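Chemist: In our numbering, the protein residues as written are 1 to 424.
The structure is given below, and queries will be raised subsequently.
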RNA sequence: GGAGGGGUGGCAGAGCGGACUAAUGCGGUGGUCUUGAAAACCAUUAGCCUUCGCAGGCUCGCGGGUUCGAAUCCCGCCCCCUCCGCCA
């Protein structure tokens, strides 16, 4: 959410930012309602002040034994007027808010301007895609042949886009989670947390999933709780409504959680394999940063996520998303894309974003400046570090051998009882 | 799920129709005193909204209602605690 005062005073800037994203927002409507609300409020407050003084006088006179009937009647009438004005002011405030919460964050000046992903800009590449002297298989075929991915039974147990991991497949998944958590906690300075996987509406609103992405989420039938689509939600909400100490910033958290997404509207996409699942595991990195350093923190966070891929020896590239591809709450975002031989392309495996004060304002997360003074909103950041299911796919495809076995990346072997390869 | 108790400032806790402009204590900050510290004493110690400012308004879990007037009375909801039941 943007600051209403900022929107009021910089409407042209906001208008341009929304247009750059290829979106439309009834900004003039908002400005007009905001103007009217402030006019009503001035009137209302003047009447309330009069009402207060009058009531105080009634109290004083009644204590002296009088009954000021005329004043009581006057205050009664004033009370009616106040009630009407309150209703008007509340309605206007609500209308303003309804528009305001749907305005996306302002893209950072370094974000490439363009209507869609074709305007994304590649920032760097790491690693060389391997050349095969045999016909490489897609990971779903490798996984089924190795008996570690069971798609049919996943569908039987749940529905399509759910997969059963077996034996070395389950072990590989678990090894990756532990490897990533260890890397971030022991070498990158993150504090590990394990948060609730079901969260309430306030939490979903705070990070920006609600109201816009309601259809993307699984909801419980008898309780107003949602399955998290990413650990970003519960972890960012750790400090919702809190005032942090400036000296404690930046705070680094990482969390492994399962994630659940309905993938509404992506019927035909990535239908085979592990790429687009309704349930997947992810290790997430979350930061609460000082506004002055949040963009440096974004670079560091992105590098922390990249380190996972470098240690695993998976070729990747980093892409700066354009205004049209940027998510609702993000001011800037780098996607990490891992090389997948089956498609002969780079595929998103992590998304690292700076949300500036956009989520912090919705979540009311502030910090008290060390020198004293007004509490300010922190900047929140997060990024996958990284998506586990897609990493499994990338390892299977990039480390496959001609005989259908898959070499275990060296960094992972300590986490897999020294196993060097997954064989049929 | 059943029964009871309770949500008041950073924390504890009083107030239970009109001086609430929310007592008091603790904690925090600044100061006096001190070689330094502790103690003591003094001062200070919420957020938000409107406004250029003066100033005004809102907020006692949330939402309604009664009343000239609600932290206080009534109704609904949410959350927490204790006990019982169920349960990994």
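Built from N, CA and C at the ideal position, the CB exists for glycine as well.
Nothing here was measured: the structure is a model prediction, and the numbers come from that model.
Do residue 302 and residue 241 have their C-beta atoms closer together than 8 Å?
Modeler: Against a cut-off of 8 Å, the Cβ pair of residue 241 and residue 302 comes out as no contact.
Chemist: Please report the straight-line C-alpha distance between residue 350 and residue 284, rounded to a whole angstrom.
Modeler: Rounded to whole angstroms, residue 350 to residue 284 spans 9 Å at the Cα level.
Chemist: Please state whether DSSP places residue 421 in a helix, a strand or coil.
Modeler: DSSP places residue 421 in strand when its eight states are reduced to three.
Chemist: Going by the beta-carbon positions, is the gap between residue 121 and residue 317 smaller than 8 Å?
Modeler: Not closer than 8 Å, so no.
Chemist: Which of the three DSSP states is assigned to residue 369 in this structure?
Modeler: Correct three-state label for residue 369: coil.
Chemist: Within 8 Å, do at least three Cβ pairs link the stretch 384-393 to the stretch 280-295?
Modeler: Counting Cβ pairs under 8 Å, three or more are found: they touch.
Chemist: Might you give, ordered along the chain, the residues of its own chain that have their beta carbon closer than 7 Å to the beta carbon of residue 95, omitting 5 neighbours on each side?
Modeler: Hits under 7 Å: 33.
Chemist: Can you tell me which of 237, 208, 200, 212 puts its alpha carbon nearest to the alpha carbon of residue 222?
Modeler: The candidate whose alpha carbon is nearest that of residue 222 is 200.
Chemist: Please report the Cβ distance between residue 273 and residue 138, rounded to the nearest whole angstrom; I am assuming they are in contact, meaning their Cβ atoms lie under 8 Å.
Modeler: At roughly 6 Å, the Cβ-Cβ gap stays under 8 Å, so residue 273 and residue 138 are in contact.
Chemist: Could you check what DSSP says for residue 320 in three-state terms: helix, strand or coil?
Modeler: It is a strand residue.
Chemist: Cutting at 6 Å between CB atoms, please list the residues of its own chain near residue 294, excluding the five before and the five after it.
Modeler: 354, 379.
Chemist: Verify whether the separation of the beta carbon atoms of residue 149 and residue 163 is less than 8 Å.
Modeler: Their beta carbons are under 8 Å apart, which means residue 149 touches residue 163 by this criterion.
Chemist: By DSSP, does residue 88 sit in helix, in strand, or in coil?
Modeler: Helix.
Chemist: If residue 25 sits next to residue 102, beta carbons under 8 Å apart, how far is it from one beta carbon to the other, in whole angstroms?
Modeler: Sure, about 6 Å apart at Cβ, within 8 Å.
Chemist: Residues bridged to residue 254 by DSSP?
Modeler: In DSSP, residue 254 forms a bridge with 192, 285.
Chemist: Where DSSP assigns a beta bridge to residue 380, which residues make up the other side?
Modeler: Paired residues: 288.
Chemist: Which of the three DSSP states is assigned to residue 385 in this structure?
Modeler: The answer is strand: DSSP assigns residue 385 an E or B state.
Chemist: Leaving out the 5 sequence neighbours to the left and right, which residues in its chain are closer than 6 Å to residue 14 when beta-carbon positions are compared?
Modeler: Taken in chain order, the residues that qualify are 7.
Chemist: Within this structure, are the beta carbons of residue 414 and residue 147 separated by less than 8 Å?
Modeler: Going by C-beta atoms, residue 414 is not nearer than 8 Å to residue 147.
Chemist: Counting only the same chain and skipping the five closest in sequence on each side, list residues whose C-beta sits under 7 Å from that of residue 233.
Modeler: Within the same chain, residue 233 has close Cβ partners 199, 203, 204, 207, 209.
Chemist: Round the Cβ separation of residue 40 and residue 85 to the nearest angstrom and send it over; I've been treating them as touching at under 8 Å.
Modeler: Confirmed, Cβ separation roughly 6 Å.
Chemist: Put residue 156 into one of helix, strand or coil per three-state DSSP.
Modeler: Helix at residue 156.
Chemist: How far does the alpha helix (DSSP H) with residue 168 in it reach, from first residue to last?
Modeler: That run of the alpha helix (DSSP H) goes 167-182.
Chemist: Can you tell me whether DSSP reads residue 209 as helix, strand or coil?
Modeler: Here residue 209 sits in coil by DSSP.
Chemist: Using a Cβ-Cβ cutoff of less than 7 Å, which residues in the same chain neighbour residue 428 once the five nearest sequence positions on both sides are dropped?
Modeler: Given a span of 1 to 424 for the chain in the structure shown, any question on residue 428 remains unanswerable.
Chemist: Are residue 71 and residue 51 closer than 8 Å when you measure CB to CB?
Modeler: No, the Cβ-Cβ distance between residue 71 and residue 51 is not below 8 Å.
Chemist: In chain order, what residues of the same chain have a beta carbon less than 8 Å from the beta carbon of residue 93, not counting five sequence neighbours either side?
Modeler: These residues qualify, in order along the chain: 37.
Chemist: I'd like to check one pair, residue 257 with residue 238: are the Cβ atoms closer than 8 Å?
Modeler: Not a contact, by the Cβ cut-off of 8 Å.
Chemist: If you draw a straight line from the alpha carbon of residue 411 to that of residue 128, how long is it in whole angstroms?
Modeler: Spanning the two alpha carbons is a distance of roughly 18 Å.
Chemist: Just how far apart, CA to CA, sit residue 23 and residue 376?
Modeler: When rounded, the distance between both Cα atoms is 29 Å.
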